[in-house]
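Trainee: Pasting in a structure now, in structure tokens, and then I'll have a few things to ask.
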Ligand SMILES: NC(=O)c1ccc[n+]([C@@H]2O[C@H](COP(=O)([O-])OP(=O)(O)OC[C@H]3O[C@@H](n4cnc5c(N)ncnc54)[C@H](O)[C@@H]3O)[C@@H](O)[C@H]2O)c1
Ligand SMILES: NC(=O)c1ccc[n+]([C@@H]2O[C@H](COP(=O)([O-])OP(=O)(O)OC[C@H]3O[C@@H](n4cnc5c(N)ncnc54)[C@H](O)[C@@H]3O)[C@@H](O)[C@H]2O)c1
Ligand SMILES: NC(=O)c1ccc[n+]([C@@H]2O[C@H](COP(=O)([O-])OP(=O)(O)OC[C@H]3O[C@@H](n4cnc5c(N)ncnc54)[C@H](O)[C@@H]3O)[C@@H](O)[C@H]2O)c1
Ligand SMILES: NC(=O)c1ccc[n+]([C@@H]2O[C@H](COP(=O)([O-])OP(=O)(O)OC[C@H]3O[C@@H](n4cnc5c(N)ncnc54)[C@H](O)[C@@H]3O)[C@@H](O)[C@H]2O)c1
Ligand SMILES: [Zn+2]
Ligand SMILES: [Zn+2]
Ligand SMILES: [Zn+2]
Ligand SMILES: [Zn+2]
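Chains as they are written, first to last, in full-length UniProt numbering: chain D, 1 to 360; chain W, 1 to 360; chain H, 1 to 360; chain V, 1 to 360.
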């Protein structure tokens, strides 16, 4: 096997380096993957710029990357769902499999979760990476490696919609049209929402949302009056949304989610902002608007793959930039500047493992 | 107001007559409707041919019709959601509003339900008909009166899918491609199912299913071997369906639903066949395949309307025949002979109340 | 029928009067009740002291009282579940029966709800009062009129537990041991909770909680450190509660509910405090602790009655004071001073309608 | 460590032998247990008498036993929840931890489940037995080893009640008062059922049920008329049960569960009888009575332990017979003859590991 194992390693705040790393040795339940596509996520940029994200702090050099796809290069003795050469999407967490959370089907809450590029666990923006076989999902031929990588953010959107209980006929409000707001929009439409209104403070993002199927968009400005926004949401939707999603993390969007949602509805909090927020809880209590946070995803990768493979969801327009592994720093810089939506890093030459050229 | 109130009245088995009936007088919470479209359902034909259906027996002359739309002609004093001239879809049941079922949101199980054309309650295949205002749903301009009438069977399909818990990524089996199997297919796709396999013993119905979006079809014959069918279903779907629907009512399809469904999945029974069936229950118990019957619909009309109005579901191809009210007997005869899918009776001239001509 | 219809009428802030009122005339679906027991609730005192409570403002003289039981004196033509002389508990709300909330089984959220002693709707602290028959629940002989009145607060506790999903083996935290905290404790134990820890700032209330079956109590002081409290809760319970209830409405207890609850658990907010609260939402999001407010109750009266009638729940120790109707002002004064738990007003002589003397 | 590892080994139909077996060698995630109590279950007797049970066939000598408790003798390197000397209840299944069922919290449906004394997997009626540490639950001092063993059948009852959704105020019907019917009764009462009616064809079993808290009992005879039974059930309960449990497996009890349950309720099938049954499905469909089978338990051991440890459930009266390991054949013979309820085999001297003598 090749000895080259170049990877993008974060040493500390603003110190991201491309360097050789050891090729990992697999366990019986693992596969070795030759990486292909790795997207950049907001949290990656946050780690790079701040050396931490939420409770996670970078204390030792860590390989970046967790939105990824690759090709199976080697199989552990116990892996039966895959074979060498399989193109796979990688669900980036490895739970303990023994705790109460793992056994009740909520492994994403496992306290011993090892999650790619959440310190101290290495990620997969590197040539060779090992992973538990059961968290690798074989892609059908017609699904591209880019789409495989995009299953990660899509799974967040699906998890949000499943937690919110989105189903046929729902009227949905999504606050924030960044990558996460957009995948929430896609998932909500695919799960039957009949009207989705999405907001942002940037018109460019709303334009993408429109292209992706938003029924209504609302451009918000930082000094919009809260009561006005509630009224506008209700006007545009012809009523109250029964499910709202905060996909921005700002106090103002969390507040709007609580205020605008129909009595008896659900406000799903996806955004992760300040630790503390001042919110109009009493109204949510009196109107029984449930508040549900979401953390990543759990058992949603197969659903995301089924949605993409069946054509129910088209995630391709999310990718706005492409870079090679060697250009990773440049790629991160583009992501940092918030140009476009999703920046994709190609560890292998573009389309090397795609049956058709990836075009949006 | 016109004195003509011609209606299709069932006297007894095989004795359906067109005759004048009194124009009803409305209560405060009711509206008088000038009827427009009324579809024919399998149960209508059953009443006509047998004088009964399930526990319901025709003992006095009864106006037929329950899949219907109309235009508001007169308003009761307490009706606030409508105005004269509104085009509406009619949810055909009137529950008591006082019992435990009505108060827990399951009014379709209300023991005092008065349901159109379920004896002794009159239906709405007649010029003027009165109905509680809150069970009339105003149609947006772009939704046709035919679509309004089709919300009735569509609601059955949606109720079936909601009871089955259909959501994103589901793999679905529908047994029977009559009107009910087809609306179940439409609802399942709209609610996120990524693969739907539908079966029938008639190729013509499978062809319609294909047109409506079925991912796979399977032509079954009366002497198909059970084990073979299970295997074929799994082969076509690339695995077990996690939700199956019996939409035929035959013992063989109920059995197949139980046998083919994934462990931990759901078999929804929509079909209403013999009172007693011999079924492989032990396997369903040991594999925890839940069995859920469905009865009509409850709170699904607004969802059905949202789905049609938003374009998520296209029910128009279901209509294969059109007749005027005066041709009702001819229309019933066509329905009885099982030609086509849905026979639509026009109480008013076609497209009288549509903004665009109704074409499939 | 007697012409005496003395009632306790609130004119405005701090202006509660005993005076004659007209005997109401019943509708077909109503009964006339000769009132027996009426408890005093925190909100009653709040209206009396402040002329308002939440969004409800007293603008015209209003009869007080909503935790009540009575005896059927007269029957409307359509009432079939009752007969004259029946002893009943009164569920104090009258929803519209027509709106989306009423039809989906969430009538407590009906925007047209008429709720006893929520302005402008009159309550039932009066000799004769009329009410929809279906919201009156016949008491078995062995259930006292006092218990009938106590079904009201108990229903709040049951609704809270049903919203929280309390079931066998649950570990529960209740914050606040006022009447509402105590009924939540009772309901949680009856629904299978294996450990309940209840907190308060008053030892006297914790003593009552202990008597009612609390497994653990924790005396809190206004200057307790948040982190200490979280730790103490976990120590006492031997782990994290999976369901927490705020039954105080203070910012500090809402915060504690969010912080102490197990990942993936539920924090139920029953307390109604300030309109706005500063809370550590990000942690609840990342740990998927659901936040669910509750508003009164819905379909819980029959459950409350079943629990009391079967002996699963003993609400009798909650009553600490008794007064006659003529002593209503005195009774309100005792309630205002927060002495004891539940103050009961007897519109008829004590035990007039009980088979056994009411003793705690 | 002692070399004696006497166990009860089933060779084939009616050929159960006591003989030495090898002491197992533990894996890193396992513990070695010195067994204490092992109850006999109906399926054990079935295997002994028939060499098979359902799809499981004895093809090689197999150690019996799966309702058990023991003491930790040795710890695998990765086991952190236990220490040597801990008294534990043993959840007898070992799922794969990798499949879809394991990851969605339904590991009891894992197709690779290795379940004690389900061929070809050995059970634990033997001196030394090894088991995954996370499926061993430490017993508090006051919980006896007998109670530890009884968590197994209790977990079946709890699983049945959780699947049925038993909660406060429920009216419950249990058909069959064998060990499984009785634990279902215990679980239902502990989870809030206000009325439980239990039936059997043997008065002796109904007497035990009465002692365990049944509100009503009904003695059935093989020639009871179905319609009569339905009527009697409704009379005794003063209405329809909203949840019914078949705990016998007979066609007649499954039928009764479907017929007697309230519209919109649930019929839980626990009994495992003939592969095929003739049942009145159409009525269950039209009344939306859900049918849910159950298979063993999943994540219910901790709940069972919490219920027993908190005193909510008293399982002690279930044990009617005691034998030493050396008397295993005698014990099986008593179980076969259906005398008493639960036969307990003591691998160690009685009360060797109990703080208090075990007395019912
Ligand atoms: N809960 C989880 O598991 C999870 C997973 C991934 C991301 N996240 C969080 O989701 C959020 C969104 O992620 P992203 O990658 O899309 O981030 P992003 O920053 O690209 O997108 C946020 C969007 O919100 C918009 N916005 C800002 N203020 C707004 C306002 N007042 N009204 C409307 N829109 C406003 C921004 O313009 C931006 O387009 C972040 O807080 C992130 O931390 C959570
Ligand atoms: N539960 C409810 O509330 C509800 C409401 C409406 C209709 N229904 C019932 O749903 C069923 C379907 O209604 P419909 O109007 O579509 O009836 P239909 O008779 O038009 O359709 C049934 C279809 O099943 C097909 N079929 C027959 N045997 C089959 C087999 N072995 N395998 C596969 N397909 C087979 C038939 O060819 C036919 O196309 C009926 O039993 C009806 O009574 C129930
Ligand atoms: N959501 C609803 O439908 C509903 C219905 C009834 C009551 N309520 C609300 O429930 C709350 C409780 O009602 P109640 O009648 O029992 O009121 P209460 O005032 O008698 O009881 C509140 C209890 O909380 C205690 N408390 C105060 N601060 C505390 C702290 N920091 N930690 C622990 N305990 C503390 C008080 O000492 C008191 O015993 C009120 O806010 C009321 O408005 C809500
Ligand atoms: N689903 C599961 O995971 C699971 C687990 C354990 C046991 N089981 C099954 O549960 C059933 C009960 O187990 P058990 O150990 O209590 O068995 P059991 O044989 O001791 O008890 C069955 C009881 O039903 C009674 N009975 C028979 N006919 C009856 C009738 N017509 N009406 C009322 N009662 C009648 C019998 O007298 C007996 O008391 C068995 O079928 C067993 O296979 C299922
Ligand atoms: Zn874990
Ligand atoms: Zn009703
Ligand atoms: Zn209403
Ligand atoms: Zn498994």
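Glycine included, each C-beta is placed from N, C-alpha and C at the ideal position.
Every value quoted in this text rests on a predicted model; they were computed, and no experiment measured them.
Could you check which residue in 27/W, 60/W, 41/W and 40/W has the C-alpha nearest to that of residue 10/W?
Mentor: Answer by Cα proximity: 60/W.
Trainee: Are the C-beta atoms of residue 103/H and some chain W residue less than 8 Å apart?
Mentor: Yes, residue 103/H lies at the interface with chain W (some Cβ there is under 8 Å from its Cβ).
Trainee: Quick check on residue 219/V: buried or exposed, where buried means 16 or more other Cβ atoms within 10 Å of its Cβ?
Mentor: Exposed is the call here.
Trainee: Three or more C-beta pairs closer than 8 Å, one from the region 60–73 of chain V and one from the region 119–126 of chain V: is that the case here?
Mentor: Touching, yes, given that three or more Cβ pairs across the two stretches are closer than 8 Å.
Trainee: By the 10 Å Cβ neighbour count, where 16 or more other Cβ atoms means buried, how is residue 34/H classified, buried or exposed?
Mentor: Label assigned to residue 34/H: buried.
Trainee: Determine whether the Cβ of residue 158/W lies closer than 8 Å to any Cβ atom of chain D.
Mentor: Chain D, which has a Cβ nearer than 8 Å to the Cβ of residue 158/W, makes this yes.
Trainee: Residue 310/D touches chain W at which residues, Cβ-Cβ below 9 Å?
Mentor: Here the neighbours are 169, 193, 194, 195 and 215.
Trainee: Using a Cβ-Cβ distance cut-off of 8 Å, determine whether residue 162/V contacts chain H.
Mentor: So, interface residue.
Trainee: For residue 80/V, count neighbouring Cβ atoms within 10 angstroms of its own Cβ and tell me buried if that reaches 16, exposed if not.
Mentor: Answer is exposed; the Cβ neighbour count stays below 16.
Trainee: So, helix, strand or coil for residue 199/V, using DSSP?
Mentor: Strand at residue 199/V.
Trainee: At a cut-off of 7 Å, would you count residue 364/V as near ligand 8, judging by its Cβ distance to the nearest heavy atom?
Mentor: Coverage of chain V is limited to positions 1 through 360, which leaves residue 364/V absent and any answer about it impossible.
Trainee: Can you pull out the residues from the region 122–153 of chain V whose beta carbon lies closer than 7 Å to at least one beta carbon of chain D?
Mentor: Residues 134.
Trainee: Could you tell me which chain V residues have their CB closer than 9 Å to the CB of residue 62/H, listed as they occur along the chain?
Mentor: Within 9 Å Cβ-Cβ: nothing; residue 62/H doesn't reach chain V, min ~32 Å.
Trainee: Taking Cβ positions, are residue 230/V and residue 173/V nearer each other than 8 Å?
Mentor: No, they are not a contact pair.
Trainee: Tell me, which residues are paired with residue 323/V by DSSP?
Mentor: According to DSSP, which records beta bridges pairwise, residue 323/V is partnered with 345/V.
Trainee: Using the C-alpha atoms, what's the distance from residue 213/V back to residue 338/H?
Mentor: Going from the Cα of residue 338/H to the Cα of residue 213/V covers about 39 Å.
Trainee: What are the residues that DSSP puts in a beta bridge with residue 137/V?
Mentor: Answer is 89/V.
Trainee: Within 10 angstroms of the Cβ of residue 189/W, are there 16 or more other Cβ atoms? Answer buried if so, exposed if not.
Mentor: Under this definition residue 189/W is a buried residue.
Trainee: Closest Cβ-Cβ distance between residue 290/H and chain D: below 8 Å?
Mentor: Yes, because at least one Cβ of chain D sits closer than 8 Å to the Cβ of residue 290/H.
Trainee: Taking 8 Å as the threshold (beta carbon to beta carbon), is residue 362/W in contact with chain H?
Mentor: With chain W running from 1 to 360 in the structure shown, residue 362/W is simply not present.
Trainee: Are the Cβ atoms of residue 89/H and residue 137/H separated by less than 8 Å?
Mentor: Yes. Within cutoff.
Trainee: Assign residue 63/D to one of three DSSP states: helix, strand, or coil.
Mentor: Three-state DSSP puts residue 63/D in a strand.
Trainee: Tell me, to the nearest whole angstrom, how far the beta carbon of residue 253/H is from that of residue 176/H; I am working on the premise that it is less than 8 Å.
Mentor: That pair is a contact at about 6 Å.
Trainee: Residue 250/V: which of 52/V, 275/V and 240/V sits nearest, CA to CA?
Mentor: That would be 275/V, whose Cα lies nearest to the Cα of residue 250/V.
Trainee: If contact is defined by three or more beta carbon pairs under 8 Å, each pair taking one atom from either stretch, is the region 241–249 of chain H in contact with the region 163–172 of chain H?
Mentor: Contact holds: three or more Cβ-Cβ distances are below 8 Å.
Trainee: Is the Cβ of residue 307/H closer than 8 Å to any Cβ of chain V?
Mentor: So yes, residue 307/H belongs to the interface.
Trainee: On the DSSP bridge list, what partners appear for residue 267/H?
Mentor: Paired residue(s): 244/H and 291/H.
Trainee: So is residue 211/W buried or exposed if we call it buried at 16+ other beta carbons inside 10 Å?
Mentor: The residue is exposed, with fewer than 16 neighbouring Cβ atoms inside 10 Å.
Trainee: Which chain V residues are close to residue 180/H, counting only those with a beta carbon under 9 Å from its beta carbon?
Mentor: Ordered by position in chain V, no residue passes the 9 Å Cβ test against residue 180/H, which lies about 17 Å from the chain.
Trainee: Tell me which residue opens and which closes the beta strand (DSSP E) that residue 20/V is part of.
Mentor: Per DSSP, residue 20/V belongs to the beta strand (DSSP E) from 15–20.
Trainee: Closer than 8 Å, CB to CB, is residue 276/D near chain H or not?
Mentor: Closer than 8 Å: yes.
Trainee: What does residue 254/D reach in chain H if we use C-beta pairs closer than 9 Å?
Mentor: In chain order: 281.
Trainee: Please tell me whether, using a cut-off of 7 Å, the distance from the CB of residue 112/V to the nearest non-hydrogen atom of ligand 8 is below it.
Mentor: Yes, the beta carbon of residue 112/V sits closer than 7 Å to at least one heavy atom of ligand 8.
Trainee: With a threshold of 7 Å (Cβ to nearest heavy atom), would residue 177/V be considered close to ligand 4?
Mentor: True, at least one ligand heavy atom lies under 7 Å from that Cβ.
Trainee: Go to residue 175/W, then tell me how far its alpha helix (DSSP H) extends in each direction, as first and last residue.
Mentor: Premise fails: residue 175/W lies in the beta strand (DSSP E), 171–175, not in any alpha helix (DSSP H).
Trainee: Go through its chain and collect everything with a Cβ distance to residue 49/D's Cβ below 8 Å, but skip five positions before and after it.
Mentor: Counting only Cβ-Cβ distances below 8 Å, and skipping sequence neighbours, we find 13, 14 and 336.
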